[in-house]
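Take any residue in the sequence shown, count from 1 to its spot, add 3: that is its number in our numbering.
Glycine is no exception: its CB is placed at the ideal position from the N, C-alpha and C atoms.
Notes follow the structure.
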Amino acid sequence: MNFKTVYSSLKEVVKANSTTIMIGAGIVTMGCAGVLGAKNAIKANELLKAKKEELETEKLTIEQTVKTVWKECVPPVLLFGAGAGLILAGHKIDIRKGAAFAAAYTISETAKKELEEAAVEVIGDKKFDEIKSKVNEKVLDKDPVNEQSIIVTGSGDTLCYDKISGRYFKSSIERIKAIINELNKRLLDEGYIRLNDFYDYFPELDEIAIGDDLGWQTDKGLIEADFDAKIAKNGEPCIVIDFRIQPKFNLGW
């Protein structure tokens with residue numbers, strides 16, 4: 004591996020982790036500022052003591068104090084400011100990344116919707132539903148059920164697969180429909196429902212990382228789900244849950 008390859012790889016790593024690196028560097032810099040400040044405070048105190056002895060006085064004026072210790076005070080202050088600046092810059096980069104992701108997600112969702120509408124026009128609703136059902140089969144094939152990974156929720160005995168989080172759990176269509184009805188009532192009152200609000204109705208299902216950023220808004224319509232009956236890899240009947248209106252990225256964070 005030559006230097007150019009190493010440099011290129013290192014550059015990509017730094018670029019991908021720029022936010023973490025800058026915030027980490029900022030914290031370290033501010034920590035160094037604290038250590039330097041403590042050391043310089045001791046030195047400044049000694050300088051003030053020497054100055055009082057030199058001028059044979061018990062109290063120095065503000066001007067005399069500043070002239071005596073300013074060189075010891077400036078470096079820690081500048082270092083602290085630089086650390087704070089690094090943290091702020093890292094935070095701004097994180098915000099820009101979030102905005103870029105949201106924009107990309109919105110474009111992707113628009114393109115998906117347009118593609119689905121065009122497909123229905125060309126082949127019809129029935130054929131399109133057959134294609135979606137085939138897709139669900141492939142999803143289960145690529146993510147086969149594992150008996151140890153099935154989450155028992157205590158709300159039914161039917162094996163279900165959530166396409167968004169990629170989790171298998173036991174519940175029932177009736178329970179899921181009841182939850183969606185509750186969420187729609189809240190949606191009409193609150194105007195926005197997080198994806199994690201859906202999972203919260205199942206105490207055994209943990210919230211997912213992106214579940215706070217994805218959700219449903221009143222102006223996009225009520226929450227509806229399709230329940231596609233399939234056979235899982237273990238031979239057990241499985242209901243694939245797919246929301247008709249997919250949760251959208253929340254642009255109002």
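Run of the beta strand (DSSP E) containing Arg170, from where it starts to where it stops: Arg170 to Ser174
Validate contact between the segment 202 to 210 and the segment 237 to 244 using beta carbons, cut 8 angstroms, 3 pairs: no
Span of the beta strand (DSSP E), counted from its first residue to its last, around Leu198: Leu198 -> not in any beta strand (DSSP E); alpha helix (DSSP H) instead, spanning Leu198 to Asp203.
Cut-off 6 angstroms between Cβ atoms - residues of its own chain near Gly194, not counting five sequence neighbours on either side: Thr221
Thr156 beta carbon less than 8 angstroms from that of Glu207: Cβ atoms of Glu207 and Thr156: closer than 8 angstroms.
For Ala232, the residue or residues it bridges with in DSSP: Ile242
Per DSSP, the bridge partner or partners of Gln220: Tyr195
Coarse secondary structure for Asp165, derived from DSSP in three states: strand
At least three beta-carbon pairs within less than 8 angstroms, the segment 73 to 86 to the segment 44 to 51: yes
Residues that Val155 bridges to, as DSSP identifies them: Lys173
Whole-Å CB distance - Phe252 paired with Ile226, under 8 angstroms assumed: With a Cβ gap of about 16 angstroms, Phe252 and Ile226 do not count as contacting.
Terminal residues of the alpha helix (DSSP H) in which Glu140 lies: Asp128 to Lys145
Lys251 in three-state terms, based on DSSP: strand
Burial state of Thr60, where buried means 16 or more other Cβ atoms lie within 10 Å: Exposed.
Same chain only: Cβ atoms within 8 angstroms of Val72, ignoring 5 sequence neighbours per side: Ala47, Leu50 and Leu51
Touch test, the segment 137 to 157 against the segment 171 to 188, Cβ-Cβ under 8 angstroms, three pairs minimum: yes
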